[in-house]
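> One structure is given below, represented as structure tokens, and several questions about it will come after.
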Amino acid sequence: MKPEILLVESMMPDIEAALDAGYTVHRFAGAPDRDRLVAEVGPRVRAVVTGGGTGVSNAVMDACTNLGIVAINGVGTDAVDLKHAAGRGVRVTNTPDVLTDDVADLAIGLMIAGSRRMMVGDRFVRAGRWPNGGLPLARKVTGKRLGILGLGRIGMAIAQRAAGFGMDIAYTNRKPRSDVPYRFVASPVDLARESDILIVAASAGPDARNMVNRAVIEALGPDGLLVNVARGAVVDEPELVAALTDGRLGGAALDVFANEPHAPEALFGLDNVVLQPHQASATVETRMAMGNLVLTNLSAFFAGQPLPTAVV
173 MKPEILLVES
183 MMPDIEAALD
193 AGYTVHRFAG
203 APDRDRLVAE
213 VGPRVRAVVT
223 GGGTGVSNAV
233 MDACTNLGIV
243 AINGVGTDAV
253 DLKHAAGRGV
263 RVTNTPDVLT
273 DDVADLAIGL
283 MIAGSRRMMV
293 GDRFVRAGRW
303 PNGGLPLARK
313 VTGKRLGILG
323 LGRIGMAIAQ
333 RAAGFGMDIA
343 YTNRKPRSDV
353 PYRFVASPVD
363 LARESDILIV
373 AASAGPDARN
383 MVNRAVIEAL
393 GPDGLLVNVA
403 RGAVVDEPEL
413 VAALTDGRLG
423 GAALDVFANE
433 PHAPEALFGL
443 DNVVLQPHQA
453 SATVETRMAM
463 GNLVLTNLSA
473 FFAGQPLPTA
483 VV
């Protein structure tokens with residue numbers, strides 16, 4: 173008998189084919205009655221595979237009474253209650269490193285798009301308005317002061333890319349790092365005050381919720397740009413919307429939102445924002461690498477071997 177798993181979120185076709193070959197897969201996303209599905213198969217499910225932004229609820233974990241592992245197809249663990257999992261003896265894995273480059277690439281792309289108002293220019297040309305006039309001048313990227321909120325794997329990759337633009341790079345972290353050439357600033361407010369562009373790359377969690385609050389936004393100011401490739405919950409979204417609408421913040425380039433897949437409609441008509449539907453790791457190459465790491469963690473678990481990327 174194949175081990176039974178619950179697949180919460182769709183994955184690459186080749187990865188799902190590999191899951192089907194090795195396991196009996198119960199697909200949560202396509203189920204007409206999810207509660208009924210979990211009630212029926214929960215006691216037989218040994219593994220849950222889910223996305224970083226979706227996670228799995230405690231109720232679903234508890235319904236899977238023989239659950240042994242939650243394999244997250246992503247780097248974020250904030251959508252899984254790690255303490256609850258540990259209390260149940262459930263292992264949790266994620267897919268670090270393989271998505272670092274893509275997230276950092278998109279952060280730099282958003283920084284450029286937001287600074288140079290590329291989406292505004294795109295709409296301007298498409299609307300046939302170019303023959304009748306030009307656009308207002310945008311903002312330069314090279315040489316600007318960049319603040320990075322969270323200098324982990326992704327933050328470091330962003331800093332390395334930004335160095336190629338001759339940027340003055342500073343960062344805020346839980347504690348200073350001794351292995352980097354970048355300047356440490358103790359608080360998010362001070363970092364924002366000393367930055368032209370602030371990129372949010374911090375890990376999410378209860379202690380990071382609304383870390384970018386009104387004070388941070390005000391410190392970044394009417395000429396500043398906020399880029400978020402972390403989690404929507406790290407930013408106080410109502411304060412961000414108000415600051416962008418009022419002109420107290422110069423612009424924002426956002427890949428993540430507090431209530432995904434819903435972004436604040438108040439942002440839709442603003443020219444000083446760039447919006448993406450949580451696409452930072454969304455390349456063929458990276459999603460395949462992430463999926464393969466999920467498969468590797470599952471194989472190790474069912475073989476009783478050490479988990480390559482265990483979180484709990």
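Numbering (our numbering), first residue to last: 173 to 484. No residue lacks a Cβ here, since even glycine has one placed at the ideal position from N, Cα and C.
1. Quick check on DSSP: helix, strand or coil for T222?
2. In angstroms, rounded to a whole number, what distance separates the CA positions of G344 and G281?
3. From the DSSP output, in three-state form, read off L421 for me.
4. Does the Cβ of Q477 have 16 or more other Cβ atoms within 10 Å, making it buried, or fewer, making it exposed?
5. Compare the beta carbon distance of A391 and M383 with 8 Å and say whether it is the shorter of the two.
6. Out of R216, I244 and A203, which has the shortest C-alpha to C-alpha gap to R459?
7. Express the C-alpha separation of G377 and F356 in angstroms, rounding to a whole number.
8. Taking D340 as the reference, which of S350, T314 and A358 has the closest Cα?
9. Cα-Cα, which of P204, D368, R206 and V242 is closest to I220?
10. Does the contact criterion of 3 or more C-beta pairs under 8 Å hold for the stretch 414-433 versus the stretch 246-259?
11. Going by beta-carbon coordinates alone, are A438 and V399 separated by less than 8 Å?
12. For S471, which option in M184, A190, V180 and D234 has the closest C-alpha, if you only look at C-alpha atoms?
13. Kindly indicate the opening and closing residues of the alpha helix (DSSP H) around H450.
Looking at the coordinates:
1. strand
2. The sequence as given places Thr at residue 344; Gly does not occur at that position. Distance between the alpha carbons of T344 and G281 is about 21 Å.
3. coil
4. exposed
5. no
6. I244
7. 22 Å
8. T314
9. It is Val, not Ile, that sits at residue 220 in the sequence shown. The shortest C-alpha separation from V220 is found at V242.
10. no
11. no
12. A190
13. Segment: none, H450 is in no alpha helix (DSSP H) and carries neither H nor E.
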